[in-house]
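Report on the structure given below.
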Amino acid sequence: MKEFGGKALFLDRNDINTDEIIPAKYLTENTKMALQPFILEDLKLGGFDPRRDIEGKGVIITRANFGCGSSREHAVWVFEVNDINVVIAESFARIFRQNMYNCGMLAIELPKQDIETLFTLGDTVEISVDLASAKLTAKGNKTVVFSFKMNEFDKKLVEAGGWLVYADKNY
Amino acid sequence: MGKTIAEKIFAAHLRDTPTAENVILDIDVVMCHEITTPIAITDLEARGMDRVFDTSKIKAVIDHVTPSKDSKTAIQGKILRDWARRHKIHDFFDIGANGVCHALFPEKGFVRPGYTVIMGDSHTCTHGAFGAFAAGVGTTDLEVGILKGVCSFRTPETMKLTITGTLQDGVSAKDVILFIIKELTVNGATDKIMEFVGPVVESMSMEARMTLCNMAIEAGATCGICLPDRVTAKYLWPFIKDQYESIDRAVEDFVTWHSDPDATYTQELTIDVSTLVPQVTFGYKPDEVKSVAEMEGTPVDQVYIGSCTNGRIEDLRSAARILKGKKIAANVRGILSPATPKVYSQALEEGIIAIFMEAGFCVTNPTCGACLGMSNGVLAEGEICASTTNRNFNGRMGKGGIVHLMSPLTAAATAVKGHITDPRKLL
């Protein structure tokens, strides 16, 4: 199975919606790769500059209700083509969370206090995820290990490499 | 133990239970549009899996940008059109017959009580108005739906919203749902189904119920759902008259889907709407809602009436009540997009289009365009739009633009005055 982790990008806000992740005007692109430059273009977050802040990041750490709004899977693909394969949040909107797992990517929910802890680890935090033990390790100004709960079916989707492969095999 | 309507629909469509928390359902209707479907089509082609599970259960429409505005949108339309022809999908709607998916497909009788419906569009929850389980999904779910006719969901949890009292004149389903979203917040119903019941819902038309269910997603819900009844049966009668000997028989059948009295809900709320006043959003989230009185006087540059939330005939009729014999303010650009060709021609017949045009509105063809800032009314930086749509997200109707969501009545009153206005003053 593929490795999940990388340097963390902190997005300190609740309710970041999929229009902010990838505006609708780019939904006319017919390849995933074409979305790459437009990641988080309309994000309303003070001090955030997508062109400066995304470089080299592999994981997003954010607050509650991430990915709300439109069902556009482009919001997941734009992360994928920017080499971001994990989002860690206090909670997710249903469709975004399902889209992540359907693409074999991780949408990990952690309790509010664990998210708070992650936000205190400094500007440079390296995340590694171990799916088998359902643990994630965050190395920043100190190293902290968090356990997370994962829906068994979502885990099967990640192991299979996504919902299409799983569904084709099983139904 | 009793079941909710959603639990009954899930039980009737259960294909598999891969874990205790997850179910795989058989899907009755897979709906497709030209924004989220083409990538599913090209991916299926690339995998050598260009098949559809059942051509009669797939419905497709070009609605988001139509007529196409550039080469890219022309290609999206072409991919969907070629695919529909290749697979002989009978229910495909192109220029001349196309309209906003969540207004067009109900009008065609494609959604029935007890059905399961998916579409690569978050406002698919609209179809719950018919007593169906209808959920917005991403492109991969849509792709599997097209290929296999199944979709995965978590076992349903339902929130019951009982709406009581009497709506004042000038207050509509849009005001009710904006108020509910304010109360629940944008993730108050995440992973839940919002079941709308009570005398106010029972007395609502199908159009009003669709407005109610349309915005369930704005509280995070998987689906909004109403209990199918005589109103539903009458709306669907042209499509079901060969199936039932009378409307009474259809209603008897529909009632079997109703939630049992001892069904379990995760949350129950009663909302008395007798004192509800017109509502409007501020800020960039659909739960940021105030009374129109609190926002009164906010100037607007554009007024947009249309969309899957409020582009149906009743919406146009209610706006026309205000606009009749009046002119919109000089500082305002008014845009009307009737949601379907049927709504458009009905509005023409009733003289509603003339009222809008005489008031100074531009009337466009049916399309989703402006609602998501793709075409036909995109805002410039700093511009403000009073809109009957469903999302006020940052940049939604154009980069740097600001959107205030409201009912068609409030939008019409706002157009006349040039600033946010309580429609009850003009009735």
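Protein chains in written order, with our numbering: chain A, 1 to 171; chain H, 1001 to 1427. Just so it is clear, CB atoms sit at the ideal spot from N, CA and C, and this is done for glycine as well. Values in this document were obtained by computation on a predicted structure and should not be read as measured data.
| Item | Value |
| --- | --- |
| H:E1245 to H:I1225 span [Cα, whole Å] | 26 Å |
| Test item: CB-CB of H:I1193 and H:A1006 under 8 Å | yes |
| Near-chain A residues of the region 1129-1150 of chain H (beta-carbon distance less than 9 Å), N- to C-terminal order | A1135, G1136, V1137, G1138, T1139, T1140, D1141, L1142, E1143, V1144, L1147, K1148, G1149, V1150 |
| Euclidean distance between Cα positions of H:M1119 and H:I1322 | 35 Å |
| Supposed contact pair H:A1012 and H:E1143 - C-beta distance, whole angstroms, cut 8 Å | At roughly 24 Å, the Cβ-Cβ gap does not stay under 8 Å, so H:E1143 and H:A1012 are not in contact. |
| Amino acids of chain H, ordered along the chain, whose beta-carbon sits closer than 7 Å to that of A:I95 | S1122, G1136, V1137, G1138 |
| Residue nearest to H:A1103 in terms of C-alpha spacing, selected from H:W1237, H:M1204, H:G1306, H:P1067 | H:G1306 |
| Complete alpha helix (DSSP H) runs within the region 1183-1235 of chain H (minimum length 4 residues, chain order) | 1199-1202, 1206-1214 |
| Unbroken stretches of the beta strand (DSSP E), 3 residues or longer, contained in the region 1338-1393 of chain H | 1361-1363, 1384-1387 |
| Alpha-carbon to alpha-carbon, A:F92 and A:C68 | 7 Å |
| Under 8 Å between C-beta atoms of H:G1369 and H:G1377 | yes |
| Cβ of H:I1180 within 8 Å of any chain A Cβ | no |
| 8 Å Cβ cutoff, H:L1214 in contact with chain A | Strictly speaking, residue 1214 of chain H in this sequence is Asn, with Leu absent from that position. No, its Cβ sits nowhere closer than 8 Å to a Cβ of chain A. |
| Opening and closing residue of the alpha helix (DSSP H) in which H:L1147 lies | 1139-1148 |
| Contained beta strand (DSSP E) runs [length at least 3] in the region 1056-1107 of chain H, N- to C-terminal order | 1058-1061 |
| Contact between the region 104-113 of chain A and the region 150-169 of chain A (3+ Cβ pairs under 8 Å) | yes |
| Between the CA atoms of H:M1001 and H:V1343 - distance to the nearest angstrom | 43 Å |
| Cβ neighbours of H:T1222 in the same chain (closer than 6 Å, five flanking residues each side left out) | A1135, I1193 |
| Beta-carbon neighbours of A:P111, restricted to chain H and to distances below 9 Å | Chain H residues near A:P111: none, gap ~16 Å exceeds 9 Å. |
| Per-residue DSSP class, three states only, for A:A132 | coil |
| Interface residues of the region 132-161 of chain A facing chain H [CB-CB below 8 Å] | N151, E152, F153, K156 |
| H:Q1267, DSSP secondary structure in three states | strand |
| Where the alpha helix (DSSP H) through H:F1282 begins and ends | Segment: none, H:F1282 is in no alpha helix (DSSP H) and carries neither H nor E. |
| Opening and closing residue of the alpha helix (DSSP H) in which H:S1307 lies | 1307-1310 |
| Given A:I16 as reference, the closest of A:P111, A:I60, A:I54 once Cα atoms are compared | A:I60 |
| Proximal residues to H:D1301 (C-beta, below 6 Å), its chain only, five neighbours per side dropped | E1383, I1384 |
| beta-carbon H:L1178 near the ligand SAM non-hydrogen atom, thresh 7 Å | Absence of the ligand SAM from the depicted structure is noted, as is the absence of any ligand whatsoever, leaving it without description. |
| Interface partners of A:D19 on chain H, CB under 9 Å | L1372, G1373, R1391, F1393, N1394, G1395, R1396 |
| Spatial distance of H:A1189 from H:I1181 (CA atoms) | 9 Å |
| Contact under 8 Å by Cβ, H:A1208 with H:A1173 | yes |
| Nearest to A:K2 (by Cα), restricted to the options A:L11, A:K155, A:N170 | A:K155 |
| Backbone secondary structure at H:L1167 - three-state DSSP | coil |
| Close Cβ partners of H:G1170 (< 8 Å) along its chain, the five nearest in sequence each way excluded | P1278, L1409, D1422, P1423, R1424, L1427 |
| Identity of the residue in H:V1251, H:D1043, H:G1220 nearest H:T1124 by Cα | H:G1220 |
| Neighbour-count burial assignment, H:I1420, 16 or more Cβ in a 10 Å radius | buried |
| Member of H:W1083, H:A1046, H:M1357, H:W1237 whose CA lies at the smallest distance from the CA of H:G1109 | H:W1237 |
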